[in-house]
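For reference, the structure discussed in these notes is given below.
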Amino acid sequence: MNLETTNLPKKYEDAIAHWVKHNFQDLPILDKYWDKHFPADDKFCLCAKMDLSTSRTQELGDHAGAPKAEDPSELSEEQARQILGIIRAQASTEFGSIQQHQVTIDRSPSDQDKFWILRVMAEELRHGYQMFHMLTSRNWDKLSGGVKTEDMVEDVLQMETGTHVLEAFNLPYDSFVDNVVFSGVIDRVGKYQLTMQKVCAYRPFAQSMAPMLREEAFHLAAGVVPMRRWLEAAAQGDGFITPKQIQQSLNKWIPRGLEMFGDERGGEKNMKLGFKDMKNGEAQLKYWNEVAKLLHDLNLRFLRARFPTKSPADVDRLLAAILRERTTIEGTQYDEILKMPHREFFRRRGEPAFRLVSVEGDPFTDVEEYVRHLAAVLPPAYLASRDMMQYRDLIRRVSGGEVTKEEAAMKSPVMKRRAESVCPCSKGVRWVDTDEAGAVEKLPKLAANEPPTSTSGPGGPTYHAP
Amino acid sequence: MNVTIRPLSDTDIEDITRIDEKVGGVYRPDFWEDRVAYYLRRDPESSRVALVGDQVVGFMLGDIRGGEFGLEDRSGWIERFGVDPDHRGKGIARQLFDALAAHFAGTGAKTLRTFVDASQADNAKFLAALGFVPSRLTALEKTL
Chain R
717 MNLETTNLPK KYEDAIAHWV KHNFQDLPIL DKYWDKHFPA DDKFCLCAKM
767 DLSTSRTQEL GDHAGAPKAE DPSELSEEQA RQILGIIRAQ ASTEFGSIQQ
817 HQVTIDRSPS DQDKFWILRV MAEELRHGYQ MFHMLTSRNW DKLSGGVKTE
867 DMVEDVLQME TGTHVLEAFN LPYDSFVDNV VFSGVIDRVG KYQLTMQKVC
917 AYRPFAQSMA PMLREEAFHL AAGVVPMRRW LEAAAQGDGF ITPKQIQQSL
967 NKWIPRGLEM FGDERGGEKN MKLGFKDMKN GEAQLKYWNE VAKLLHDLNL
1017 RFLRARFPTK SPADVDRLLA AILRERTTIE GTQYDEILKM PHREFFRRRG
1067 EPAFRLVSVE GDPFTDVEEY VRHLAAVLPP AYLASRDMMQ YRDLIRRVSG
1117 GEVTKEEAAM KSPVMKRRAE SVCPCSKGVR WVDTDEAGAV EKLPKLAANE
1167 PPTSTSGPGG PTYHAP
Chain B
10 MNVTIRPLSD TDIEDITRID EKVGGVYRPD FWEDRVAYYL RRDPESSRVA
60 LVGDQVVGFM LGDIRGGEFG LEDRSGWIER FGVDPDHRGK GIARQLFDAL
110 AAHFAGTGAK TLRTFVDASQ ADNAKFLAAL GFVPSRLTAL EKTL
């Protein structure tokens, strides 16, 4: 990797600084204690990093072998719309996750947990900054449907939990368990998306991927290592953070993670355009298998802590027996073992959206029975959320035939641009006066929660444009 | 036998712990959780694992650093490695080393460095076979 770093023009730097003031108040703490928690690591740099060694040749798609586009003017209208959609969604995830983490960061059980997550947040901020570099370092005027660069940046900065592009970034955290499980599960989708986009036919975007991936690797560890430590403590009788709590959080996040890949049947367009090297379903399956392996390893960690004198082979056999028999063996309950929620469980987008399927894959015929099942397997604090109320109402209406699954998928999340800013002193951030006639309509077409195109199958906004 | 080499990942913790246990006879999950997290946040490309099928059978963890011990140039450091005893003698450690050396060279490092425990003759022999020679720096220590 041959890195070049660069900064945004001052007005965008100022806008991000203002956003940080209101959404990431702990950033100065990270800087103050960086050397204590990350000795020998380079200081955090809020800058865009470009990998100059990125290939100049399109590696796949309809124009494989041709030079990659270096500037928006070299993109077709369709390519520009698609890549702007990807950049917008990517930026939304970066800023969105910081807003989620900030709410519960102070509930971390240890300083290490807190500072690991703070570093994750800071690097997500850098990734959002990177996406703004994509928007601000080139002229998109002729390809953005008349939307100015300032408006595209503003569009992302005014989002808050509940109005982000992807569902996973619209769910508030219930506790620090969510900070950790989110890092291990949802950031893992980010790793897949960044990896797929390394081939992108728009070279500045491809150049952004390797530096982001390098940082993303630690984000996953910031999720996995605390989970391993919590399970070790639980196995030894510490009842504060239990396998049940972790399982409930997994049940909350994994369905949203699966949906971040887009509809299982889609993704062909991105491959044809040379933007990604896998279709949605293929990438989602790899992700699924990786998370399954992660849970298997967590279970081994738990059982080895509980049975320190057993051999690794004996623990393997014990785990297999508990999963096979679905019962308590040698004092370890089936419910203490982490399991992947079924791929059709609790889905609201994609091919299995709004099917009544239990966490273990059993079908329901009665929607009320299904709602009670959700109440039993999701985090109690999450059940009292607006998101769950909306989902419960939608699944009832789908089951009652009032709305189709496709219509229901489009209703969540509520993609509504706010008339007022999230920040009362936001003039430093905002360039858009939404009272201005037509301001909402000026947003790029790709910004709307549109019905899917024919190649994408049903579903709403995805990590990439459908 | 088809061996794949790839950068270190968080999902390798359990496999590395198990290889270390097979080699040394001690189960050290906490140690490897800390170390893998450390190497991931430094640079995942500077540490590699070897896979046969889906199974991790070897690892080599490294770093690029400069400014230590009067060594101002950034050097590639090979700090920990291990191969599953069931897969030894198949050139896996050599493949891990080649991948790391290429990565370090690609970042501009001119020198690879490591320490070896004099009591571990196999490791010393392996490193010599890779071309490592005694450095002008001598490791010193004093018991407190």
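One line per chain: the protein sequences are R and B, in this order. Residue 1002 in this note's numbering sits at position 286 of the first sequence, with consecutive numbering throughout. Residue 50 in this note's numbering sits at position 41 of the second sequence, with consecutive numbering throughout. From the three backbone atoms N, C-alpha and C, an ideal C-beta is built for every residue, glycine too. Predicted model, so just to flag it, every value in this text is computed and none were measured.
- Scanning chain R for C-beta atoms nearer than 7 angstroms to the C-beta of B/Leu49 yields Ala933, Phe934, Ala937, reported in chain order.
- B/Val35 is the residue among B/Val12, B/Asp63, B/Val35 whose C-alpha sits nearest the C-alpha of R/Thr1025.
- R/Met912 sits close to R/Asp993, with the two beta carbons spaced by under 8 angstroms.
- Ranked by Cα distance from R/Asp822, the options R/Leu743, R/His1012, R/Pro788 are led by R/Leu743.
- Within chain R, the residues whose beta carbon sits less than 7 angstroms from that of B/Val45 are Ala937, listed in sequence order.
- For B/Arg27, the closest C-alpha among the options B/Ile14, B/Lys119, B/Phe68 is that of B/Phe68.
- The Cβ-Cβ distance between B/Leu105 and B/Ile14 falls below 8 angstroms.
- With a threshold of 8 angstroms between beta carbons, R/Glu1006 makes contact with chain B.
- Uninterrupted alpha helix (DSSP H) stretches at least 4 residues long and entirely within the region 993-1062 of chain R occur at 996-1022, 1028-1041, given in chain order.
- When only Cα atoms are considered, B/Asp72 and B/Arg44 end up about 12 angstroms apart.
- For R/Glu720, the beta-bridge partners assigned by DSSP are R/Met766.
- Closest in C-alpha terms to R/Gln874, from the list R/Ile732, R/Arg772, R/Ser789, comes R/Ile732.
- Listed by position along chain B, the residues whose Cβ is nearer than 8 angstroms to that of R/Asp757 are Arg50, Arg51.
- Each residue's CA atom was taken as its position, placing R/Leu1014 and R/Leu966 some 13 angstroms apart.
- Contact with chain B is absent for R/Arg1088, since none of that chain's Cβ atoms lies less than 8 angstroms from the residue's Cβ.
- Distance from the CA of R/Leu776 to the CA of R/Arg1040, rounded to the nearest whole angstrom, comes to 43 angstroms.
- Closer than 8 angstroms to the CB of B/Asp19 there is at least one CB belonging to chain R.
- The criterion of a C-beta distance shorter than 8 angstroms is not satisfied by R/Leu859 and R/Ala917.
- The Cβ atoms of R/Val893 and R/Ile957 lie closer than 8 angstroms to each other.
- Take R/Met987, set aside five residues on each side of it, and the residues of its chain with a beta-carbon closer than 8 angstroms to its own are Leu776, Gly777, Asp993, Met994, Lys995, in chain order.
- Residues of the region 102-129 of chain B with a C-beta less than 8 angstroms from any C-beta of chain R: Gly115, Thr116, listed in chain order.
- Chain R has a Cβ within less than 8 angstroms of the Cβ of B/Glu42.
- Rounded to whole angstroms, the Cβ separation of R/Arg842 and R/Leu762 is 6 angstroms, and the two are in contact under 8 angstroms.
- Considering only R/Asp867, R/Thr1081, R/Ser1027, the residue with the shortest C-alpha distance to R/Tyr728 is R/Asp867.
- A distance below 8 angstroms separates the beta carbons of R/Arg1059 and R/Leu974.
- Shown here, R/Ile957 sits in coil according to DSSP, grouped into three states, outside any helix or strand.
- Contacts with chain B (Cβ-Cβ distance below 9 angstroms) from the region 1049-1075 of chain R involve no residue at all.
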